[in-house]
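This report refers to the structure that appears directly beneath it.
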């Protein structure tokens with residue numbers, strides 16, 4: 521197999537980007553009869569790139585380009601005629617792609633995306649046994665604060681409170697002096713969301729949540745206060761609110777599937793009525 525890499529010959533002449541002249545169409549590299557021309561790489565190297573970086577970038581590009589052609593040539597020489605016959609596969613792929621695009625067009629023009637909470641609650645009640653979780657699900661407040669903060673004592677006294685006034689005061693103090701305060705919008709979250717903030721792994725955080733309603737810990741830079749107003753242990757059924765976004769996705773997928781089924785049945789019915797579908801089945 522003949523292979524010419526003219527990189528080292530041509531680059532010094534034209535890859536001092538300031539002086540590149542692409543007016544001609546010189547061969548930059550050649551492998552097995554395939555040629556890479558200057559015009560093919562005209563936009564490859566940004567203006568102002570120094571010669572060393574230009575050479576490195578072009579070498580990488582040529583190696584990738586050559587490897588693809590070498591692999592193709594190897595496949596052409598090593599595969600049998602039947603193994604190289606991909607016409608049917610290409611046709612199948614084309615057909616699948618066209619059907620997929622039309623189905624999406626059909627769905628987009630007809631899909632009702634409005635899903636009420638009542639509809640979701642009915643689904644949740646009917647399928648609640650399918651919604652057990654393998655990890656703890658919690659409502660949480662997480663505070664990350666410097667041990668030198670002047671408000672750390674007040675925050676420590678307030679972070680486990682549930683009264684509205686106390687929570688308001690806690691949030692005011694945290695917004696003014698904590699490095700991070702997160703109550704996750706008062707939503708149910710997986711315990712991993714808490715573990716992502718404090719210096720605990722998920723398993724340690726889960727064990728702590730199962731045994732206590734709060735965590736106090738620290739690392740070399742910060743103090744961490746975590747309070748769990750509500751907790752659901754692994755294996756139990758999380759509340760409706762936790763699964764609401766997922767239930768909406770499930771209902772939406774079900775609607776899409778119903779539309780596709782409607783499309784397919786409609787096409788069959790129309791074809792039979794117009795006699796464009798003819799069946800010849802011996803009974």
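Numbering (the working numbering), first residue to last: 521 to 803. Idealized CB from N, CA, C, for every residue including glycine. From a predicted model like this one, the values you see are computed outputs, not experimental measurements.
| Check | Outcome |
| --- | --- |
| Assign residue 631 to one of three DSSP states: helix, strand, or coil. | coil |
| Please report the distance separating the alpha-carbon of residue 535 from that of residue 586. | Reliability fails at residue 535, whose pLDDT of 49 lies under 50, so the model's placement of it is uncertain and the value that follows must be treated cautiously. Rounded to the nearest angstrom, the two C-alpha atoms are 20 Å apart. |
| Using C-beta distances below 6 Å, list every residue in its chain close to residue 653, excluding the 5 sequence neighbours before and after it, in chain order. | 758 |
| For residue 743, does the three-state DSSP call read helix, strand or coil? | strand |
| Does the segment 727-740 come into contact with the segment 690-699, if we say contact requires no fewer than three beta-carbon pairs (one atom in each stretch) closer than 8 Å? | no |
| Give me the Cα-Cα distance between residue 533 and residue 561, rounded to the nearest whole angstrom. | Because the pLDDT at residue 533 is just 48, under 50, the model does not fix this residue reliably, and the value given afterwards should be weighed accordingly. So the two alpha carbons sit approximately 15 Å from each other. |
| Give the straight-line distance between the Cα atoms of residue 802 and residue 792, rounded to the nearest whole angstrom. | 18 Å |
| In angstroms with no decimal places, state the Cα-to-Cα distance between residue 570 and residue 593. | 34 Å |
| Which residues bound the alpha helix (DSSP H) around residue 773? | 760-793 |
| Rounded to whole angstroms, how far is the Cβ of residue 748 from the Cβ of residue 736, which I believe are closer than 8 Å? | About 12 Å separates the two Cβ atoms, so there is no contact after all. |
| State buried or exposed for residue 563, treating a residue as buried only when at least 16 other CB atoms are found within 10 Å of its CB. | exposed |
| For residue 675 and residue 663, which I take to be in contact (beta-carbon distance under 8 Å), what is that distance rounded to the nearest angstrom? | 6 Å |
| Which residues in the same chain have their Cβ closer than 6 Å to the Cβ of residue 804, if we skip the five residues on either side of it in sequence? | Residue 804 lies beyond the stretch modelled for the chain, which goes from 521 to 803, so this question has no answer here. |
| What does the alpha-carbon distance come out to for the pair residue 597 and residue 604? | 10 Å |
| Okay, do the segment 613-630 and the segment 568-584 touch, 3+ Cβ pairs below 8 Å being the bar? | no |
| Using CA coordinates, which residue listed in 780, 719, 665, 756 is at the minimum distance from residue 742? | 665 |
| Whose C-beta lies closer than 6 Å to the C-beta of residue 635 among residues of the same chain, with five residues either side of it excluded? | 768, 771 |
| Using 8 Å for Cβ pairs, my map puts residue 689 next to residue 678. What's the rounded Cβ distance? | 6 Å |
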